[in-house]
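Quick note on the working numbering: the first sequence kicks off at 3 and runs consecutively.
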Amino acid sequence: MPELPEVETVARGLSSTLEGRTIVKVRQNRADLRVPFPENLPKRLTGRRVTHIGRRAKYILITLDDGNILIVHLGMSGRFMFRHDPSLPLLAHDHLVITADDGVDHVLNDPRRFGLVALVEGAKLDQHKLFAGMGPEPLGNAFDGPTLADRLAGKNTPIKAALLDQRVVAGLGNIYVCEALFHSGISPLRLARTVQGQRAERLVQAIRQVLNAAIAAGGSTLRDFMHHDGELGYFQHSFSVYDREGKPCPGCTCDVAKTGGIARIVQSGRSTFYCPRKQR
DNA sequence: CTACCATCCTGGTTGC
DNA sequence: TGCAACCAGGATGGTA
Numbered sequence: 003m004p005e006l007p008e009v010e011t012v013a014r015g016l017s018s019t020l021e022g023r024t025i026v027k028v029r030q031n032r033a034d035l036r037v038p039f040p041e042n043l044p045k046r047l048t049g050r051r052v053t054h055i056g057r058r059a060k061y062i063l064i065t066l067d068d069g070n071i072l073i074v075h076l077g078m079s080g081r082f083m084f085r086h087d088p089s090l091p092l093l094a095h096d097h098l099v100i101t102a103d104d105g106v107d108h109v110l111n112d113p114r115r116f117g118l119v120a121l122v123e124g125a126k127l128d129q130h131k132l133f134a135g136m137g138p139e140p141l142g143n144a145f146d147g148p149t150l151a152d153r154l155a156g157k158n159t160p161i162k163a164a165l166l167d168q169r170v171v172a173g174l175g176n177i178y179v180c181e182a183l184f185h186s187g188i189s190p191l192r193l194a195r196t197v198q199g200q201r202a203e204r205l206v207q208a209i210r211q212v213l214n215a216a217i218a219a220g221g222s223t224l225r226d227f228m229h230h231d232g233e234l235g236y237f238q239h240s241f242s243v244y245d246r247e248g249k250p251c252p253g254c255t256c257d258v259a260k261t262g263g264i265a266r267i268v269q270s271g272r273s274t275f276y277c278p279r280k281q282r
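Printed below as a string of C-alpha cells:
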C-alpha cells in the first residue's frame with residue numbers, strides 16, 4: 003500500500019523515536035516475508051546504535067553505528083509502529099519487534115508479507131540489487147523535465163506503466179501516478195515517448211506537487227496505512243481521480259450523467275482512474 | 001524491447 | 001447471515 007509519501011511519513015516518525023537510540027532486543031517471529039530475513043538478524047542488530055533514519059524510493063533506511071543499513075520495505079500491507087507497553091501481546095502478523103534502550107518496541111506488522119527486510123553495508127547501498135538501476139528521486143534536485151523526457155524517450159509503453167517502473171522514477175505507485183497524470187492533463191494511455199518538452203515539464207511539476215501535498219497530509223489511508231504512532235493520513239480526501247470512478251473531477255462543470263465522470267480502466271493489471279476529457 | 005500474465009499472501013468488501 | 005468471488009497501495013519473473 004505505501005507509496006513514497008506514506009513511507010516518508012513512517013520514516014519521519016521512526017526518526018523522531020528511534021534515531022540515536024541503541025537497540026537492546028530484537029524478536030523475529032518468522033523466517034521470511036517476501037524474501038528470507040537476513041541471517042542472524044537479531045544478533046546483528048542487538049547492541050547497535052541507530053545513527054540515522056532515511057528513505058530511498060519506497061524503502062526505509064535505518065543506518066547503524068557499524069556502517070550497515072537496515073532496509074525495510076512495507077510492501078502492500080506493511081505497518082511499522084511503536085508500542086510503549088511491552089506487556090501487550092503481539093498481534094497477528096507482528097513479524098519483527100525492535101526494542102530500543104528507552105523500552106519502546108518498534109513493531110513491523112505485515113499481513114500479506116509482500117514487504118522485505120535486508121541488511122547491507124552502507125558503502126555498497128547504491129550497488130545493492132534493490133537499488134542498482136533505480137531511477138531518480140522524484141523530489142530530488144536531479145529530477146526535472148529534461149531528465150524525465152530523456153528517460154521516457156523511445157518507450158513504446160503507456161505513460162501510466164512507465165511511471166510505475168521504478169527504473170524511470172523511483173517511489174511512485176498506482177495512486178500518485180493517477181493523481182499526477184490528472185494534474186498534468188496527460189492521458190494514462192498516451193505513449194511514454196510522446197511525453198517530451200513542456201509536457202514532461204508539466205508532469206514533473208505535477209508529480210512533485212502531489213507528492214509534497216500528500217506528505218504534508220501524512221500520506222493516504224485507504225485501509226491499512228498508519229503512521230509510526232498509529233495516526234492516520236488524510237490525503238485520500240484530496241484525491242482528484244483515484245478510486246472516484248463515475249464521480250465528477252474537481253472543477254468539472256460537465257454533466258456526469260452524460261459523460262460518465264471519472265473513468266476506470268485496467269492497465270497492466272492495475273486500475274487506472276482518469277478524466278478522458280481533461281487528460282490527453 | 002514490450003505487453004501481458006501469474007505469483008507471493010491476507011483480509012475487507014461486494015454480490016448472490 | 002453466510003459464503004464465495006473479487007479486489008487491493010508492490011515487485012518480480014516468465015512467456016509470447
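Ideal placement from N, C-alpha and C gives every residue a C-beta, glycine not left out.
Since this is a predicted model, take the numbers as computed values, not measurements.
Cβ shell of residue i (< 6 Å), same chain only, five flanking positions each side left out
i	result
residue 98	30 and 110
residue 258	250
residue 285	As shown, the chain starts at 3 and ends at 282. That puts residue 285 outside it, with no answer to give.
C-alpha gap between residue i and residue j, whole angstroms
i	j	result
residue 154	residue 268	21 Å
residue 54	residue 108	15 Å
residue 18	residue 52	11 Å
residue 183	residue 166	12 Å
residue 219	residue 180	18 Å
residue 158	residue 197	11 Å
residue 191	residue 200	18 Å
residue 172	residue 103	34 Å
Beta-carbon proximity of residue i to residue j, cut-off 8 Å
i	j	result
residue 280	residue 263	no
residue 56	residue 66	no
residue 127	residue 5	no
residue 7	residue 144	no
residue 266	residue 247	yes
residue 11	residue 235	yes
residue 213	residue 188	no
residue 132	residue 73	yes
residue 222	residue 185	no
residue 40	residue 120	yes
Local conformation of residue i per DSSP, three classes
i	result
residue 276	strand
residue 94	coil
residue 209	helix
residue 107	strand
residue 14	helix
Contact set for residue i: own chain, Cβ-Cβ below 8 Å, skip 5 residues either direction
i	result
residue 105	86 and 88
residue 48	25, 26, 27 and 28
residue 134	128
Boundaries (first-last residue) of the beta strand (DSSP E) holding residue i
i	result
residue 123	118-123
residue 29	25-30
residue 57	52-58
residue 61	61-66
residue 265	265-269
Sequence-distant residues of its chain with Cβ nearer than 7 Å to residue i (five each side left out)
i	result
residue 75	60, 61, 117 and 118
residue 210	140 and 141
residue 2	In the structure displayed, the chain extends from 3 to 282; residue 2 sits before or after that span and is not available.
residue 123	69 and 70
First through last residue of the alpha helix (DSSP H) which encompasses residue i
i	result
residue 154	147-154
residue 46	43-47
residue 39	First-last for residue 39: undefined, no H or E at that position.
residue 243	Careful: residue 243 lies outside any alpha helix (DSSP H) and carries neither H nor E.
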